[in-house]
Structure formats: structure tokens, C-alpha cells
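Inspection log for the structure reproduced underneath, given as C-alpha cells.
There are 2 protein chains.
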Amino acid sequence: MGRDAVDFPVAVVLPAAGSGERTGLATPKQFCTFLNRPLISFTIETFERIPWVKSIVVVVAKESRDPMLNIVQQFHHTKVKVVEGGTTRHRSIFSGLQALSESSEDPVLPRPKVVIIHDAVRPFVDEEFLLKITLAAKEQGASGAIRPLVSTVIATTSEGFLDHSLERTKYRASEMPQGFLYDVIYQAYQRCSEFDFEFGTECLHLALQYSGTSAKLIEGPPTLWKVTYKRDLAAAESIIKESLSLSVCLISGAMAETVELSSRLQKNLESHHMTVEVISCIKENNELLLKTRNFIQISTSGASLSETEEMVKVFEETKHALLYPVVIVQVQLCMSEEAADIRKNEELKAIVDLSRMVKQGNVLLYSVQIIYSKVPELWERSVERLTEIIESLIRDRNPVLIGQMLQA
Amino acid sequence: MGRDAVDFPVAVVLPAAGSGERTGLATPKQFCTFLNRPLISFTIETFERIPWVKSIVVVVAKESRDPMLNIVQQFHHTKVKVVEGGTTRHRSIFSGLQALSESSEDPVLPRPKVVIIHDAVRPFVDEEFLLKITLAAKEQGASGAIRPLVSTVIATTSEGFLDHSLERTKYRASEMPQGFLYDVIYQAYQRCSEFDFEFGTECLHLALQYSGTSAKLIEGPPTLWKVTYKRDLAAAESIIKESLSLSVCLISGAMAETVELSSRLQKNLESHHMTVEVISCIKENNELLLKTRNFIQISTSGASLSETEEMVKVFEETKHALLYPVVIVQVQLCMSEEAADIRKNEELKAIVDLSRMVKQGNVLLYSVQIIYSKVPELWERSVERLTEIIESLIRDRNPVLIGQMLQA
Numbered sequence: 007m008g009r010d011a012v013d014f015p016v017a018v019v020l021p022a023a024g025s026g027e028r029t030g031l032a033t034p035k036q037f038c039t040f041l042n043r044p045l046i047s048f049t050i051e052t053f054e055r056i057p058w059v060k061s062i063v064v065v066v067a068k069e070s071r072d073p074m075l076n077i078v079q080q081f082h083h084t085k086v087k088v089v090e091g092g093t094t095r096h097r098s099i100f101s102g103l104q105a106l107s108e109s110s111e112d113p114v115l116p117r118p119k120v121v122i123i124h125d126a127v128r129p130f131v132d133e134e135f136l137l138k139i140t141l142a143a144k145e146q147g148a149s150g151a152i153r154p155l156v157s158t159v160i161a162t163t164s165e166g167f168l169d170h171s172l173e174r175t176k177y178r179a180s181e182m183p184q185g186f187l188y189d190v191i192y193q194a195y196q197r198c199s200e201f202d203f204e205f206g207t208e209c210l211h212l213a214l215q216y217s218g219t220s221a222k223l224i225e226g227p228p229t230l231w232k233v234t235y236k237r238d239l240a241a242a243e244s245i246i247k248e249s250l251s252l253s254v255c256l257i258s259g260a261m262a263e264t265v266e267l268s269s270r271l272q273k274n275l276e277s278h279h280m281t282v283e284v285i286s287c288i289k290e291n292n293e294l295l296l297k298t299r300n301f302i303q304i305s306t307s308g309a310s311l312s313e314t315e316e317m318v319k320v321f322e323e324t325k326h327a328l329l330y331p332v333v334i335v336q337v338q339l340c341m342s343e344e345a346a347d348i349r350k351n352e353e354l355k356a357i358v359d360l361s362r363m364v365k366q367g368n369v370l371l372y373s374v375q376i377i378y379s380k381v382p383e384l385w386e387r388s389v390e391r392l393t394e395i396i397e398s399l400i401r402d403r404n405p406v407l408i409g410q411m412l413q414a
Numbered sequence: 007m008g009r010d011a012v013d014f015p016v017a018v019v020l021p022a023a024g025s026g027e028r029t030g031l032a033t034p035k036q037f038c039t040f041l042n043r044p045l046i047s048f049t050i051e052t053f054e055r056i057p058w059v060k061s062i063v064v065v066v067a068k069e070s071r072d073p074m075l076n077i078v079q080q081f082h083h084t085k086v087k088v089v090e091g092g093t094t095r096h097r098s099i100f101s102g103l104q105a106l107s108e109s110s111e112d113p114v115l116p117r118p119k120v121v122i123i124h125d126a127v128r129p130f131v132d133e134e135f136l137l138k139i140t141l142a143a144k145e146q147g148a149s150g151a152i153r154p155l156v157s158t159v160i161a162t163t164s165e166g167f168l169d170h171s172l173e174r175t176k177y178r179a180s181e182m183p184q185g186f187l188y189d190v191i192y193q194a195y196q197r198c199s200e201f202d203f204e205f206g207t208e209c210l211h212l213a214l215q216y217s218g219t220s221a222k223l224i225e226g227p228p229t230l231w232k233v234t235y236k237r238d239l240a241a242a243e244s245i246i247k248e249s250l251s252l253s254v255c256l257i258s259g260a261m262a263e264t265v266e267l268s269s270r271l272q273k274n275l276e277s278h279h280m281t282v283e284v285i286s287c288i289k290e291n292n293e294l295l296l297k298t299r300n301f302i303q304i305s306t307s308g309a310s311l312s313e314t315e316e317m318v319k320v321f322e323e324t325k326h327a328l329l330y331p332v333v334i335v336q337v338q339l340c341m342s343e344e345a346a347d348i349r350k351n352e353e354l355k356a357i358v359d360l361s362r363m364v365k366q367g368n369v370l371l372y373s374v375q376i377i378y379s380k381v382p383e384l385w386e387r388s389v390e391r392l393t394e395i396i397e398s399l400i401r402d403r404n405p406v407l408i409g410q411m412l413q414a
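Those sequence lines, one after another, are chains A and B.
For any residue, its number in my numbering is found by taking its place in the first sequence, counting from 1, and adding 6.
For any residue, its number in my numbering is found by taking its place in the second sequence, counting from 1, and adding 6.
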């Protein structure tokens, strides 16, 4: 998408020098971590995945420079340039634009035709909308995302009483991303006043005032929302976890019993709106392994541990778990309660050791034991419980529970 | 608080007839459930806890009348009257006000002096702020919560271009709750036009236009925010879960080993900002049991199950788990690995049975086994893992994991 339409260089500036007082947290919100990764890395990833975005300038406070460089290295971000920002948002954006201007000599980082300005704390912008913003910026000189007003906006008297309400239909909330012809926004910042640098809130306003460019406004999806308060971090985490939990690869084994259990599980998971891909073993299925980050591995014997090790090796080689944790749920089918007791004591330690080892590589390994019953209703109920446990493990991705042997 | 200041009858109207399209969910958001309870019940609870709020009129769509009556019954709400709403928000609020007018003959539900209008989907309003709104409404005739604008508000041209940005300091977002002298708002609704009923957005505006009352505006806390999108449900759930996880009661037992483990756990949990109250057994400690909803019970023998049953009995009699799930984590301290193996097989079934039984009463029972080690570093590490597991169980309140025997 956009490959043909965007035949000019596009860069992104992400101001991330704010202290994020409003979250009520010690860490600025762009550096708050979930799923082992700071929020800003999710935002960077979003832009990095878009082929026509050539470079991303991240503007940080002086004290965040080294931590930011570490984030870039740890998560293998390749399009990022880190620069130091100023004391206000507008000064930081200008620093980012200047870094792009300097790089005009650099053939790897050409001076862009269009620059997108976004917030580090809005990780969910999608390519389709960015394309709209970019093309409108190219054509009109400037463009910006808008959203309907959530609350009525009112004007107050100086004594704190209601003066009047605005007519909601005539106004919009101005959001990010915004797009500009590089020359339009760079010129606006070169010409604007100290007052603008200190107190101005809107790039769109500067482009209008100092470059005479009126921005095209485009309604964006609700996902553009900005992580502002502590509660928003929980919301962002839930969105990411949900998107990671949509599909699963079921490794059924080759025995009649494991295949039967596998097909029941498949039915249950699909009825809960998961996409399920079933394979009998991982051999020659490497491509499939890289299509999801959730695996259920069914076995009746200890042989499954070596298969798990093989899978983890594939993930390591391909860095499949670099950005998001991979979940493997080992399901151990025991044909009798006695078998269950024996197996548990034998294998628990091996599972714990392996779990702790693979966790280093961002693979979360859990085990669930299920005991076969000849009574259909009991068996049905056990499989239902197994389904619930697996769904919960995949959805929550709780690192504290790795290595546990749960009972369905 | 407010008992002396509020010496006049106050009622609340909660319009809850909306369909909540914006969440992207089939269920209107006020009826979405977390921790086994619909959102609207959390909002009702907030008002019910305030002694000077005498009655709460919940206005619902016709098809939600029976479900709403069930919610009132299930969660023992005592101040609530359920009435049917109209086709728009304003018609529903008017229905709520009319229900209060009719009740003027009813000595139990007197016609209020002040009525607070709130949203069913803003569960986190606090008493202190409601007191401000109520007293301002009594004095000025009308009052409303405001918040600073989160985004810049802009006016658009008819072609979709930027016309101008509003100066952020002069405007505010109008939020809920709002308070009114009953006569002021009732009169406004009696006089307002069909157009207002259909398209009006603000009660404050109607009070100004039809009763000549300009509302006093009071800045509220960020917690006033409205559950609008699906992600907000995750945010609301995380706020409630966090507030439930702040304190824990540690039942140490009387043996030297369990007391030693208890004091280590206490230290760990306190260093993670939990308030910990330690008791040696539950006897004659009923009052303490009702001060928190999180319990850790340490024992070396199976005797703990009967103690758990006793606790659950207290919770049932006092309805302590009616509104929020109570968590009990049984910690089983084993002095050797062999003891651990034997205990596991013996007791697992009893624990599973008890867990499933007490879950009916909203008590979540989990077990964690920890094996004593004479090597100080190993023991230290096990206790650290135990702490993590306990914190995770308390924070997540995951019903799927009840009855599991986890290993520290």
C-alpha cells in the first residue's frame, strides 16, 4: 500500500522530550513499559513497518538520550535517528526538523519532501490513515487529523460561570498525526516568535500564520487517541494484548488421542473467535511458525520438550520474539490419574528449567495437564477448562506463571 | 463528610438508556461487566455509599428494564428506582426528573431540593467533588464539572480546511456531574423545545436558556472521565483492580517456620507499596477480616483448609464479597521436596473442590507451594518468587486460576 502513490521521500518527527506529569508516574509515559517494551518502541515500530517512511527522528530530553539509544539498539530499530530536544514541544519539533535539514547531504537520509509530525504516545496509527495524511500534505502543503469533540466545549466568565456553549458540529478536536511539505513547516518554525516557541500549541496554526498554508483536515479513527493518564497505559496494553491473541497454531502430534483432543480444542477456540491453524508437527513448518505468536503443543509423553527446544531455536534465529513475547502452552494429555502423578514429579523440574531459560529470549512457556476421562461429560468439561486456561495464558502473557504445571 | 453541610434532600438521575455504539461492543457499555459486575453497578455503588444522597433514579431503555431490576436485586442496591427513558438523552433525563416529581407524595422518596445529573459510565466520581457540586447547585441554582481541554479545538471551513484554532485557555470541556436546584432544571425541561429534546447536548445550556440560571463551573479531577470506547473498559477495570490490591491481611500461623516466612513476605510486599496487616489466626479477628479483600494464609499442614472454610463463612454472613471478589492465597510451606510431593497428590482434590465451591460466593481461592531450603540464597529467591506470584494473583483476580497449586 502506498508504494506507488508515495514516490517522494517521507520522514517522521516524534517529539518525546515531555515529562508526562499527567500520568501520575515517575517515568515519562513514552518510556513506560508493557510486554517488556517501552511505549515509544511500539510507536516507532508502527512507522518502521511502512516501506515508504524513510527515516524517523526521535527528539528526546538530554537525560533520555542514552536510554533512547539503548531502546533503538535493543529492539533493532533501523530507521531511527535520536536527537536532543528543547525545553518546549515546539522547540523539540524544530530540533527534529533541523536534524533532517542537516542530513540533506546524506544520501541514506535525504531531506524529505513531506514530514509527518506525530506523538510518541499515540502508538496505534495505521498505514492507511498515514497515507491519507501524507498525500494531502503533498498536495495542500499541510494536513492534520481531527476527531469529533467528546465533550461539549464551553466558554467561562472570569468569575467561573457558564458564558456559552459552542455548537459541537462546527468544531473538531485537532489530533496527531499532521503532515507538511518540509519547506512549509520548516519555514514556519524559522519565522515564528519566541512566544510561539514557548506557548504555541499547534503546528497547523504556525503553518497557517507563517507560511500561509491552510491545512486539509481529515477525520481519523478513535485509535489515534493519546496515552495521557496512567489508565491509558492499561488501555494501550489491553489493545496490544488483544491483537496478539487473535490466532494460534495448534501442534496436534500424531497419536489418535492427541489428535482427538486437538480437534476439540480447535472447535472451542474457534467458537471464541480465535483463528486456529493445526499442524501435526513443526518439521518443515517453519513458515507457519512465524505467522503467529501463540502455540499449543499437545503430547502424551515427555518427547514434547525437545520439540519445544527446536521451536525456540527457530524463534531465536528469526528474532520472532524480539518485539512481542511468544507464548507456548504445552498440553500434557495423561491417560490415567496415576500416569499424571508420576509424570508431574518427573518432569516438573525440566519444564521449570526450560521455561526460565527460554524466557530470556522473550518466549513464555506454560504447561497444562489434562487427564483423560471415559465419561463423556467429564471429558467435555475438562476440555472446556483447558480451553479457558489456554485462552487466559495467551491473553494475559503473564511472565510470573511460566514454568507452572496447571491442571485442567 | 457532608453530613452537616447537606441538610436538604439530594437525588441523583443516571441516564443509562444509550446504546453505546462507540465502544464497538454488542452490549451497551453501562452494562459491560468486569469483576463479575456491570459498570453501572459500580457507579450506583459510588452514590449509594454517600449518606446524604437519598435516592438514585436510573433511567433505562425499555428492553433494559428487567436486566436493570435484576442488577439492583443481585447487588443489593437499596436507594435505586428504575424508570423507563425516552429516545434521546434529554428525554431520558426528563423522565428521571418526572419520577422524582411524582414521588413528592412519598415520604421515603421526598422531592429533592438538589438533583445531581451524572453519567452511568463515569464510575469514579468521589464524594468530596460531589459535595462541591451539590453545595454550589444549592447556592447558585446550577453547577457543573469542567476539565481543561485535552486537544486543541479548531473550527473548520466548509471545504474541510483549518479556519482557526481556539485559544485553549479561554475554553473548557464540560463534563459530568452537574447539579441543579430541582425547580430550576425541571422548569427548564418543561419549557424547552422539541428541538432541544432531540438535539440539545447540555443541561447547563437549558438551565441558562429556560430558567435564566448561569451555572457555577468547578474543575474536577481526571478520574471523572467517561467510559466511551472499548479500551476505556480495560482502563476502568485496571483502576478498580489496582484499588482492590493496595492492602493484604497475612495470616501467619503460630509455628516458628510459618512466622519466619510471614515476616519475609511482609517485608517484600511492603517494599512493593502494599499495606500488610499480620495476624496469627483468624479467631476473634472478624473485624480485621472485613477491612481488606486480600488474604494470604500460611501453613505447613492441611489444617488450613478448615480455617479457609471459616473465613468464607464470615464473608458469606457479612456479604463481604458481594460487590468485589475476595482473594485468598493459601501458601503451603513444605520442609522438604518429598513432603511437597506427598502433600500435592493428597490435597489437590480437596483444594480444587473447595475453590469451586467458594467461587459461587465470589471468593477466589488459590494455592502456592513453597519448599524450604537451608541455602539462604535459594530460600531468598523462592520467597521472592512467592511474592511475585501472590502479587499477580491478587492484582489479576483471574477466576480461571482458582484451585491451581502453583510452585514458588
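For glycine and all other residues, C-beta sits at the position ideal for the given N, C-alpha and C.
| Query | Result |
| --- | --- |
| Is the closest heavy atom of the ligand FAD to the C-beta of B/Ile288 under 7 Å? | This structure lacks the ligand FAD; in fact it carries no ligand of any kind. |
| Determine the closest residue to B/Glu313 out of B/Leu328, B/Lys297, B/Ser286, with distance taken between C-alpha atoms. | B/Ser286 |
| Between B/Val89 and A/Leu141, what straight-line distance do the alpha-carbon atoms span, to the nearest angstrom? | 52 Å |
| By the DSSP assignment, the alpha helix (DSSP H) with A/Asp132 in it spans what residues? | Unbroken run through A/Asp132: none, as it is neither H nor E. |
| Any Cβ of chain A within less than 8 Å of the Cβ of B/Gly226? | no |
| Can you give me the start and stop residues for the beta strand (DSSP E) that A/Leu256 sits inside? | 253–257 |
| Scan the region 215–299 of chain A and note each continuous alpha helix (DSSP H) run of 4 residues or more that stays entirely inside, going in chain order. | 236–250, 262–277, 292–295 |
| Around the C-beta of A/Lys35, are 16 or more other C-beta atoms found within 10 angstroms, so that it is buried, or is it exposed? | buried |
| With DSSP collapsed to three states, give me the class of A/Thr49. | helix |
| Could you check what DSSP says for A/Lys119 in three-state terms: helix, strand or coil? | coil |
| Between A/Ile99 and B/Ser101, what straight-line distance do the alpha-carbon atoms span, to the nearest angstrom? | 51 Å |
| Which value, in whole angstroms, describes the spacing of the CA atoms of B/Ser379 and B/Lys355? | 26 Å |
| What does DSSP give as the partner residue(s) for A/Ala32 in the beta ladder? | Bridge partners of A/Ala32: none, in fact. |
| Look at the alpha carbon of B/Lys119 and the alpha carbon of B/Gln196, and state the distance between them as a whole number of angstroms. | 17 Å |
| Using the beta-carbon of each residue, which ones in chain B are nearer than 7 Å to A/Ser244? | Arg237, Ala240 |
| Which residues in the same chain have their Cβ closer than 6 Å to the Cβ of B/Lys68, if we skip the five residues on either side of it in sequence? | Glu90 |
| In chain order, what residues of the region 159–183 of chain B put their CB closer than 7 Å to some CB of chain A? | Val159, Ile160, Ala161, Thr162, Gly166, Phe167, Leu168, Ser171, Arg174, Lys176, Tyr177, Arg178, Ala179, Ser180, Glu181 |
| With a floor of 4 residues, list each alpha helix (DSSP H) that falls wholly inside the region 347–406 of chain B, ordered by position along the chain. | 382–402 |
| Classify B/Phe81 as helix, strand or coil using the three-state DSSP reduction. | coil |
| Classify B/Arg43 as helix, strand or coil using the three-state DSSP reduction. | strand |
| Could you tell me the boundaries of the alpha helix (DSSP H) in which B/Met317 lies? | 310–324 |
| Thinking just about the alpha-carbon of each residue, which of B/Glu266, B/Pro331, B/Asn291, B/Leu328 is nearest to the one in B/Ser305? | B/Glu266 |
| In the DSSP assignment, the beta strand (DSSP E) including B/Val19 goes from what residue to what residue? | 16–22 |
| Going along chain B in order, which residues have a C-beta closer than 7 Å to the C-beta of A/Thr207? | Thr158, Arg174 |
| Helix, strand or coil for A/Glu181? Go by DSSP, reduced to three states. | strand |
| Just the chain A side, please: which residues come within less than 7 Å of B/Asn42 by C-beta, in chain order? | Near B/Asn42 there are no residues of chain A at all, since even the closest Cβ is about 15 Å away, more than 7 Å. |
| How would you write the range of the beta strand (DSSP E) that A/Ile152 sits in, first residue to last? | 148–153 |
| Where does A/Thr324 land, buried or exposed, given buried means 16+ other C-beta within 10 angstroms? | exposed |
| In this structure, what does DSSP give as the bridge partners for B/Leu168? | B/Thr162 |
| Kindly indicate if chain A contains any beta-carbon less than 8 Å away from that of B/Asn76. | no |
| Would a C-beta distance cut-off of 8 Å place B/Leu223 and A/Phe167 closer than the cut-off? | yes |
| Alpha carbons only, please: which of B/Ser398, B/Ser25, B/Asp202, B/Phe48 is nearest the one belonging to B/Ser70? | B/Ser25 |
| Using only CA atoms, which one of A/Val127, A/Ile408, A/Lys273 lies nearest to A/Val66? | A/Val127 |
| Buried or exposed: which applies to B/Ser164, given that a residue is buried once 16 or more other Cβ atoms fall within 10 Å of its Cβ? | exposed |
| Measure the Cβ-Cβ separation of B/Ile77 and B/Pro44 and say whether it is below 8 Å. | yes |
| Tell me, please, whether the region 265–280 of chain A touches the region 390–402 of chain A by the rule of three or more beta-carbon pairs shorter than 8 Å. | yes |
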